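Trainee: The structure follows.
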C-alpha cells in the first residue's frame, strides 16, 4: 500500500495546527502514564497483596521497555513511515492502557505496563521529528513552544488528576481516564499525520548494534532502579547488571565504529550544535522529573499531606510552564542561548529556595517554588530544541530525535535513583548523629526551655523524640537532593554558549 506522502510546505496553516494538536496530545498522554502509576502504587500494592519490592516492578519494567524501544523508533519511522508507526504505537498504547485497568494480578499489570511502555515509546521522538518537518524553520520556535505543552504538562496532569480519580474511585480509573483521550489521538493521527517524501531507500537494521544498545540500556535501567533496594554492589544482581551494561556498551561502540551501516551513526555528533544540545538535554532530563517525583514523597513523609492537596501543589508547576510558553513566543527573536540560560537559572533559584526549607514548610513555600521551577522547565524546552535540531538534516531528524529522547529518559531515571539513594543514606547517617544528642549525659536536656513538653524519663516522650529525629534526618536527606539539583542547574550554563546560532537566526 502506498504511503500518502506530503511535505510541510504543501500543508495549509490549518492542517499544520491540526497536526500540532494531534502530536501534542500523543506526547501528553504518554508523559502522563510515565508518572501516573507512582500515585496509585499504594492502592495497587494493597489490591495485589504485593510487597514494596514486588509492586516497584510496575514502574521499573515500564521504564525498561521504554528505554529499549525508544532508540529503534528512528529506524521504524524510516522503514515503515511515521504515520504507520505512530498509528500502531497509539493503538497498541490505548489497548495496553485498557488492560492495565482490567488487570487482576500483579503479573498481569506488569505485563501490560511493559506493553504500554513499548508501544508508547516511539510516539514522542517521532512526534517531535514530524513536528519539525511539518513547520518551516522560521516557525519552529512557535511550534515547539506549543508542542511543549504536552511534554511539560503531561507529567503534571497525570499524577494530579490520576491521584484525585483514584482517591474518589480506585486505582483502575486512573488508567481508564486516559482511554477516551487516547482514542481521540488515534483518530487525529489517522486523519492528519502524513509522511515526508522519501529521499533515500530505508536502511537495513543493524541488529548487533540495536541488541547491544538495548541490553546496555535495560541493564543500566535495572541497576539504577533496583540498586538502592539491593544495597548496590553488595548484591550479586547489581554486579551482573553492571557487567552486562559495560560489556554491551563496549560492544556497541566498537561495532558502531567498524560497521558500514551502524544502528546509530556517530557522524550525527559531528554536528556541533547537536552535540552541545545532547549534553544539555542529558542535564535537562535529570532535572525535569526529579523534583516532581521527590516532592510528593517528602510532603507525605514529613507533613502528612493527602494526595489531593499534593496534586494541587504539583499542578502549580503547570502554571509556571504555561506562563513560560507565552513568554517564549513573545521573545522568539531572542538568542535561544540566552533564553536557555534564563531557564536553567530559574530552575537553580527554585532548587536553592527548596534547599532552605525547614520542617514547617507551608503550602506557599511549595507553590511558589513549583511555579518558578515550571517556568524554568518551560523556558528551557523550546531553545534547547531549537539549538539541537536547527542544523540537523531533515532525513536525519527521526534518528536525532530518538537519541535525544533516549538520553533524556535515561538521565531522568538515573537522577531519580541517585536522589532516592541520597535520601535513604542521609536519613540513616543523620538519624544516628542526632540520636547521639539524646543522652542522659547531655546536660542541656535538663532545662525545660530546651526539652519543652518532653520528659526524657518517660518512654512515650522518648518515642516522640525518636519520631521527630527521623523526620528531621529525612528532611536533611531531601535538602541534600535539592542542593545537588541546584548545582546541576548552574553547571551547564557556561556550556550553553558553545552552541552556534542557527543560520536563519543570524
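Numbering (this note's numbering), first residue to last: 113 to 618. Cβ coordinates follow ideal geometry from the N, Cα and C atoms, glycine included. The model shown is predicted, which means the values in this text are computed figures rather than measured ones.
Whole angstroms is fine: what's the gap from residue 535's alpha carbon to residue 475's?
Mentor: Taking the chain shown and counting its residues from 1, the one referred to as residue 535 is at position 423. Taking the chain shown and counting its residues from 1, the one referred to as residue 475 is at position 363. The straight-line gap from Cα to Cα measures roughly 22 angstroms.
Trainee: Following the continuous alpha helix (DSSP H) through residue 490, name the residue where it begins and the one where it ends.
Mentor: What you label residue 490 is simply residue 378 of the chain shown in a count that begins at 1. That run of the alpha helix (DSSP H) goes 475 to 501.
Trainee: Using only CA atoms, which one of 482, 412, 390 and 455 lies nearest to residue 520?
Mentor: Mapped onto the chain shown, residue 520 falls at position 408. Ranking 482, 412, 390 and 455 by Cα distance to residue 520 puts 390 first.
Trainee: Just list the alpha helix (DSSP H) runs in the region 291 to 332, keeping only unbroken ones of 4 residues or longer that don't cross its boundaries, in chain order.
Mentor: List check, alpha helix (DSSP H) in window: 291 to 304.
Trainee: May I have a chain-ordered list of the alpha helix (DSSP H) segments no shorter than 4 residues that lie completely inside the region 153 to 221?
Mentor: You should have 164 to 167, 169 to 181, 185 to 192 and 194 to 214.
Trainee: How would you label residue 500, buried or exposed, when you count the other beta carbons within 10 angstroms and need 16 or more for buried?
Mentor: Position 388 of the chain shown, counted from the first residue, corresponds to residue 500. With 16 or more Cβ atoms within 10 Å of its Cβ, residue 500 is classed as buried.
Trainee: Would you identify the three-state DSSP class for residue 283, choosing helix, strand or coil?
Mentor: Locating residue 283 in the chain shown gives position 171, counting from the first residue. Three-state result, residue 283: coil.
Trainee: Go ahead and label residue 537 buried or exposed: buried means 16 or more other beta carbons lie within 10 angstroms of its beta carbon, across all protein chains shown.
Mentor: As a first step, residue 537 is located in the chain shown; it is residue number 425 there, counting from the start. Burial call: exposed.
Trainee: Could you tell me whether any Cβ in chain B is nearer than 8 angstroms to the Cβ of residue 503?
Mentor: Here chain B cannot be found, since the structure has a single protein chain.
Trainee: Can you find the residues in the same chain that come closer than 8 angstroms, C-beta to C-beta, to residue 584, ignoring five residues on each side of it along the sequence?
Mentor: The residue given as residue 584 occupies position 472 in the chain shown. So the list reads 471, 542 and 546, once near-sequence residues are dropped.
Trainee: Between residue 514 and residue 204, how many whole angstroms is the CB-CB distance? I'm expecting something under 8 angstroms.
Mentor: As a position in the chain shown, residue 514 is number 402, starting the count at 1. As a position in the chain shown, residue 204 is number 92, starting the count at 1. The pair is not a contact, with the Cβ atoms about 18 angstroms apart (cut-off 8 angstroms).
Trainee: If you measure between the beta carbons of residue 245 and residue 496, is that distance less than 8 angstroms?
Mentor: If you number the chain shown from 1, residue 245 lands on position 133. If you number the chain shown from 1, residue 496 lands on position 384. It is not a contact, given that the beta carbons lie outside the stated cut-off.
Trainee: Would you please state the rounded distance, in angstroms, between the beta carbons of residue 494 and residue 253? I believe it to be under 8 angstroms.
Mentor: By 1-based counting over the chain shown, the position of residue 494 is 382. By 1-based counting over the chain shown, the position of residue 253 is 141. That belief holds up - the Cβ atoms of residue 494 and residue 253 are roughly 6 angstroms apart, short of 8 angstroms.
Trainee: What residue range is occupied by the uninterrupted alpha helix (DSSP H) comprising residue 349?
Mentor: Mapped onto the chain shown, residue 349 falls at position 237. 348 to 370 is the span of the alpha helix (DSSP H), which, as asked, contains residue 349.
Trainee: Going by CA-CA distance only, name the one from 155, 406 and 210 that's closest to residue 294.
Mentor: The residue you call residue 294 lines up with position 182 of the chain shown. Checking every option, the nearest Cα to that of residue 294 belongs to 210.
Trainee: Would you mind stating whether residue 239 and residue 303 have Cβ atoms separated by less than 8 angstroms?
Mentor: In the chain shown, counting from the first residue as 1, residue 239 sits at position 127. In the chain shown, counting from the first residue as 1, residue 303 sits at position 191. Not a contact, by the Cβ cut-off of 8 angstroms.
Trainee: Counting only the same chain and skipping the five closest in sequence on each side, list residues whose C-beta sits under 8 angstroms from that of residue 137.
Mentor: To locate residue 137, count along the chain shown from 1; it is residue 25. Excluding sequence neighbours, residue 137 sits near 262, 293, 296, 297 and 300.
Trainee: Quick check: what's the CA-CA separation for residue 483 versus residue 430?
Mentor: To locate residue 483, count along the chain shown from 1; it is residue 371. To locate residue 430, count along the chain shown from 1; it is residue 318. Straight-line Cα distance between these residues: approximately 7 angstroms.
Trainee: Could you give the first and the last residue of the continuous alpha helix (DSSP H) run that contains residue 546?
Mentor: Position 434 of the chain shown, counted from the start, is the residue given in the question as residue 546. Looking at the DSSP string, the run of the alpha helix (DSSP H) that includes residue 546 is 509 to 547.
Trainee: Exposed or buried, residue 488, counting other C-beta atoms within 10 Å across all chains shown (16 or more means buried)?
Mentor: Sequence index remark: in the chain shown, residue 488 carries index 376 (1-based). Under this definition residue 488 is a buried residue.
Trainee: Identify the continuous alpha helix (DSSP H) that holds residue 239 and give its terminal residues.
Mentor: Residue mapping note: residue 239 aligns to position 127 of the chain shown, counting from 1. It spans 235 to 246 - the alpha helix (DSSP H) in which residue 239 sits, taken as one unbroken run.
Trainee: Taking the straight line between their C-alpha atoms, what separation do you get for residue 345 and residue 306?
Mentor: Indexing the chain shown from 1 puts residue 345 at position 233. Indexing the chain shown from 1 puts residue 306 at position 194. Approximately 49 angstroms, taken between the alpha carbons.
Trainee: Rounded to whole angstroms, what's the CA-CA distance from residue 359 to residue 446? Just pull it up for me.
Mentor: For the purposes of this step, residue 359 is taken as the residue at position 247 of the chain shown. For the purposes of this step, residue 446 is taken as the residue at position 334 of the chain shown. Roughly 45 angstroms separates the two Cα atoms.
Trainee: Whose C-beta lies closer than 7 angstroms to the C-beta of residue 188 among residues of the same chain, with five residues either side of it excluded?
Mentor: Position 76 of the chain shown, counting from 1, holds the residue named residue 188. Correct list, in chain order: 197 and 234.
Trainee: I'd like to know whether the C-beta atoms of residue 132 and residue 258 end up nearer to each other than 8 angstroms.
Mentor: Start at 1 with the first residue of the chain shown, and residue 132 comes out as number 20. Start at 1 with the first residue of the chain shown, and residue 258 comes out as number 146. In contact: residue 132 and residue 258 (Cβ atoms closer than 8 angstroms).
Trainee: Counting C-beta neighbours from all protein chains within 10 Å, is the total for residue 124 16 or more, i.e. buried, or is it exposed?
Mentor: Looking up residue 124 in the chain shown gives position 12. Under this definition residue 124 is an exposed residue.
Trainee: Could you spell out the range, first to last residue, of the alpha helix (DSSP H) harbouring residue 459?
Mentor: Here residue 459 is taken as the residue at index 347 of the chain shown, counted from 1. Where residue 459 is concerned, the enclosing alpha helix (DSSP H) stretches over 448 to 466.
Trainee: Checking 8 angstroms against the spacing of the C-beta atoms, do residue 236 and residue 139 come in under that value?
Mentor: Within the chain shown, the letter at position 124 stands for residue 236. Within the chain shown, the letter at position 27 stands for residue 139. For residue 236 and residue 139, yes; Cβs fall inside 8 angstroms.
Trainee: Along the chain, where does the alpha helix (DSSP H) containing residue 387 start, and where does it finish?
Mentor: Counting from 1 along the chain shown, the entry for residue 387 is found at position 275. Run containing residue 387: 384 to 410, per the alpha helix (DSSP H) assignment.
Trainee: Quick one: what does DSSP say residue 445 is sitting in, helix, strand or coil?
Mentor: On the chain shown, residue 445 is found 333 positions in, with the first residue counted as 1. Residue 445 falls in the coil class under three-state DSSP.
Trainee: Check the C-beta distance from residue 256 over to residue 427 and give it rounded, since I have them as a contact under 8 angstroms.
Mentor: Along the chain shown, read from residue 1 onward, the residue named residue 256 stands at position 144. Along the chain shown, read from residue 1 onward, the residue named residue 427 stands at position 315. Residue 256 to residue 427, Cβ: 23 angstroms. No contact.
Trainee: Would you give the residue range spanned by the alpha helix (DSSP H) that residue 608 belongs to?
Mentor: Residue mapping note: residue 608 aligns to position 496 of the chain shown, counting from 1. 605 to 608 is the span of the alpha helix (DSSP H), which, as asked, contains residue 608.
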